[in-house]
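All residue numbers for the sequence shown refer to my numbering, where the first residue is 8 and numbers rise by one. Report on one structure; see the data block that follows.
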Amino acid sequence: MNYIVVSPSFPANFIPFSVALKNEGVNVLGIGEDAYDTLPAELKAALTEYYRVDSMEDYVQMFKAVAFFSHKYGKIDRIESHIEHWLESDARLRTDFNIPGFKTEDMSRVKYKSGMKKIFKKAGLEVAPSTLIGTMKDAEKFIKKHGYPVIVKPDCGVGAMGTHKIDSKEKLEAFMAHRDAVDPQTVYIMEAFITGNIYSFDGLIDQNGEIVFHSSLVYGAGVMESVNHGDDMDFYIPKKLNEKVVEMGTKAIHAFKMKERFFHLELFVMPDNEIIALELNARLPGGKIVDMFNYANDINIFEEYANIVTKNVFEAQLTRPYSCFYIGRRDGMNYKHSLENVLETYKNEIVHHYKVEKIFSSAIGDYGIIFRTADHEKGLEIRREILAKQA
């Protein structure tokens, strides 16, 4: 099997995917911008060959790289980055080289929020009222019906970037003026503001379209608030998942008819435990969440993905022994406990801590701490202490 990994060295915590595939006998081929000499030793050992391009944004270079591998090694069986930014490029390459997986024609339903809402509704999930806004008149008509506040965000966008909460006519006018002056080509969707807790439904789908692994995140702070206001970021995988999230999330994922993919579905859970679908990301959740899957479940999700690709079997037994927490602390915050004190006090619970790369810090904090506890309530208490501010 010939498997092309797009951007094999970034993010670094995705490198184990290449290693696991190699260990299953896959011919792993890499395409990226980094010089070969700068690649980590474990990645070099996993790759049969690496093709460097000057820019992965240049489709002609990417096409030539795949053509080179195809000519040298024969038919390409898979191409994947697991990264939102390259989703459309991956699909275009699959289309042009007839490689299994998402094609260009599939992008509208997994990249555009307006298209996702139609699929959610067909699957029986509620969605927030919304409209595409081209003019001030469009926006005012929607607000007249639903009132302030509203959320506006790119119809095709990544994460919380470009997402705004608007609660007055003055802010609406300022947003529209800025959009018209700076970003007139971007299509924005406006949604009624929903007051609910943000959960995710995450997992892995096999070659038959069945969910073979699922997990869920509960967010303490919203990603939008973290990005726009510099709030702390925290979320966790609970030992016991919300059954309604699993039920409705499963319905939604099946409606998108995906195969052999990871997914990250975002949902609102209302006070009455009703579910409102937010959006689908047809890839892994970002940051270290893939590692949190492993910490929470005592599994190796990288090996299990390789098993699905090569044998269509998920071998791990899921017992969900831990709740796993992520805390993203901000530089300059007046925390009650110093970082050194936190790392020493909770050294038995902390499984990983690291300085967050600048490219990710606006969303998930400047310093990341991941810890796990067999007792969920103990985990919640540790979370409160790590985030506590001085009076």
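Backbone N, C-alpha and C fix where the C-beta goes; we use that ideal spot for every residue, glycine too. Quantities reported herein were computed from a predicted structural model and do not represent experimental measurements.
Classify residue i: buried if its beta carbon has 16 or more other beta carbons within 10 angstroms, exposed otherwise.
i, result
"V349", "buried"
"Y361", "exposed"
"K246", "buried"
"R391", "exposed"
"D338", "exposed"
"H271", "buried"
"K79", "exposed"
"T202", "exposed"
"V189", "exposed"
"K385", "exposed"
"E347", "exposed"
"T170", "buried"
"T326", "exposed"
"K118", "buried"
"E310", "buried"
"N280", "exposed"
"G227", "buried"
"A184", "exposed"
"T193", "exposed"
"G3", "This structure leaves residue 3 out entirely; the chain is present only between 8 and 398."
"K354", "exposed"
"A303", "buried"
"S96", "buried"
"S330", "buried"
Which residues in the same chain as residue i place their Cβ atom closer than 7 Å to its Cβ, once the five residues preceding and following it in sequence are excluded?
i, result
"N301", "N307 and I308"
"F104", "V73, S77 and I83"
"C273", "Looking at the sequence itself, residue 273 is Glu, so the reference to Cys does not match. For E273, where only same-chain residues beyond five positions count, the Cβ hits under 7 Å are I205, S207, L285 and E286."
"F182", "V159, H171 and I173"
Kindly list the residues whose CB is nearer than 8 Å to the CB of residue i, restricted to its own chain and excluding five residues on each side of it in sequence; keep chain order.
i, result
"H89", "F21, F24, F269, R290 and L291"
"I315", "L211, D213, Q214, V219, E267 and F321"
"Y333", "M240, D241, F242, Y243, G294, K295, I296, M299, I371, G375, I376 and I377"
"K396", "M340, N341, Y342 and K343"
"D373", "G335, R336, R337, D338, K362 and V363"
"S62", "E40 and Q68"
"V253", "F208, H221 and S223"
Can you pull the DSSP bridge partners for residue i?
i, result
"T170", "Beta-bridge pairing links T170 to no other residue."
"H359", "I377"
"K396", "Y342"
"F220", "L211"
"M240", "G335"
"N9", "N34"
"Y58", "I38"
"P225", "Reading off the sequence, residue 225 comes out as Val, not Pro. DSSP, once it has assigned bridges, lists Y206 and Y243 as partnering V225."
"I260", "Per DSSP, none; premise fails for I260."
"G87", "The amino acid at residue 87 is misidentified as Gly; the sequence shows Glu. Its beta-bridge partners are V12."
"P161", "Y195"
What are the boundary residues of the beta strand (DSSP E) that residue i is part of?
i, result
"G210", "N204 to I212"
"L36", "N34 to G39"
"E198", "Y195 to A199"
"I371", "No beta strand (DSSP E) contains I371, which is instead part of the alpha helix (DSSP H) from K365 to I371."
"E95", "Here E95 belongs to no beta strand (DSSP E); instead the alpha helix (DSSP H) covers L94 to F104."
What first and last residue would you give for the alpha helix (DSSP H) that runs through residue i?
i, result
"D187", "K176 to V189"
"R336", "R336 -> not in any alpha helix (DSSP H); beta strand (DSSP E) instead, spanning S330 to R336."
"V73", "Y66 to Y80"
"N30", "I22 to N30"
"E49", "A48 to A53"
Which same chain residues, not among the five before or five after residue i, have their C-beta less than 6 Å away from its C-beta?
i, result
"K124", "V134"
"F17", "none"
"S115", "G122"
"Y155", "D174"
"Y43", "Y57"
"H359", "I377"
"G37", "V12, P15, L54 and Y57"
"K209", "In the sequence on display, residue 209 carries Asp and not Lys. Cβ within range, chain order: S222, H271 and P292."
"L46", "S16"
"A199", "A135, P136 and H153"
"E31", "A313 and T317"
Output yes if chain D places a C-beta closer than 8 Å to the C-beta of residue i; else output no.
i, result
"V358", "Protein chains in the displayed structure number just one, and chain D is not present."
Next item on the list: Any chance you could list the alpha helix (DSSP H) runs of at least 4 consecutive residues sitting entirely within the region 113-159, in chain order?
Entry: Listed in chain order, they are 114-118, 120-129 and 143-153.
Next item on the list: Let me know the beta strand (DSSP E) ranges lying completely inside the region 264-316, each 3 residues or longer, listed in chain order.
Entry: The region 264-316 contains these whole beta strand (DSSP E) runs: 269-276 and 282-288.
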